[in-house]
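Numbering (the numbering used here), first residue to last: 53 to 330.
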């Protein structure tokens, strides 16, 4: 099932953070857990966290998410409990929306749900990160769209058609692999190679139509002028999106999901329960 978020009516902060009803069933949480940083958004309060993705702060730091994969589920649970356990209202069963890399499939979604169980969610929804980015950027999803998400340890190129994933590629290269300013050629070459592969294998005009629009550039790579400049030459006119676009898009889906009948009637979650957005 796909949950389609309500369109935004304007950029005002009152709309972005309009209050939710204060009841046990209505607490909402959006999560974007990357290899480098974890971000959280709580309904009615906005984004409350943007911190390194580590299990234990300090010299003994452990990184439970690496190259876009959850390598330590218990460690991820401990991190979420440390960061969010005391921030959620007492006696709540939150509705949780989690962004997920497109190509990790059911394994990542199951691991994410297991890790989030420490927060005692009422329902857990997952949404592809690329779709959340497109929503946060107010992209026209009626037309094909390329999303280039350059993270710290992982780069994904996702082709959306009518808001759904049409094709996707990824490589285990990110901004941490750029040793110095001006050495971004490896990332640019990887992005260009993935898009070229899409073009060659697509027997329709979807990829070509999307490429004519340029690309939506997101993640930490969107903050690097050298990457943006180099990709502009390859992809015509990439449009940088805020590096927090994924969590903001997840927050939009959270607001829409709150009113969905299947979510309101959902039972307390176990493994695999609750709808998810693809």
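The C-beta atom is built at its ideal place from N, Cα and C for all residues, glycine as well. Note that this is a predicted model, so its numbers are computed, not measured.
* **Length of the line joining the Cα atoms of residue 130 and residue 288** => Distance between the alpha carbons of residue 130 and residue 288: 43 Å.
* Inter-residue spacing [alpha-carbon to alpha-carbon] between residue 291 and residue 216 -> Roughly 20 Å separates the two Cα atoms.
* Is it a yes or a no for the segment 274 to 285 touching the segment 236 to 246, going by three-plus beta-carbon pairs under 8 Å? -> Contact annotation: the segment 274 to 285 touches the segment 236 to 246, with at least three C-beta pairs closer than 8 Å.
* **7 Å Cβ shell around residue 127 - same chain, five flanking residues per side excluded** => Once the five neighbours on either side are set aside, the close Cβ partners of residue 127 are 107, 114, 116.
* Can you grab the Cα-Cα spacing for the pair residue 97 / residue 303, in whole Å? => When rounded, the distance between both Cα atoms is 11 Å.
* To do: Could you name each continuous beta strand (DSSP E) segment of 3 residues or more that falls completely within the segment 109 to 179, going from the start of the chain to the end?
  => Listed in chain order, they are 147 to 152.
* To do: Return the CA-CA distance between residue 91 and residue 266, expressed in angstroms with no decimal places.
  => In this structure, the straight-line span from the alpha carbon of residue 91 to that of residue 266 is close to 27 Å.
* Asked: Taking the C-alpha atoms as reference points, what is the distance between residue 271 and residue 88?
  -> Rounded to the nearest whole angstrom, the CA to CA distance from residue 271 to residue 88 is 11 Å.
* Three-state secondary structure (DSSP) at residue 222? -> Reduced to three states, the DSSP call for residue 222 is strand.
* Would you call residue 251 buried or exposed, if buried means 16 or more other Cβ atoms sit within 10 Å of its Cβ? -> If you draw a 10 Å sphere on the C-beta of residue 251, you find fewer than 16 other C-beta atoms in it, and that means exposed.
* What residues match up with residue 81 in a beta bridge as DSSP calls it? -> 94, 148, per the DSSP bridge assignment.
* Helix, strand or coil for residue 230, going by three-state DSSP, please let me know. => Secondary structure at residue 230: coil, using DSSP grouped into helix, strand and coil.
* **Nearest-angstrom beta carbon gap, residue 145 and residue 172 [assumed within contact, 8 Å]** => Going by Cβ atoms, the distance from residue 172 to residue 145 rounds to 6 Å, so yes, they are a contact pair.
* To do: Using alpha carbons as the reference points, say which of 203, 198, 178, 226 lies closest to residue 158.
  => The shortest CA-to-CA distance from residue 158 to any of 203, 198, 178, 226 is the one to 178.
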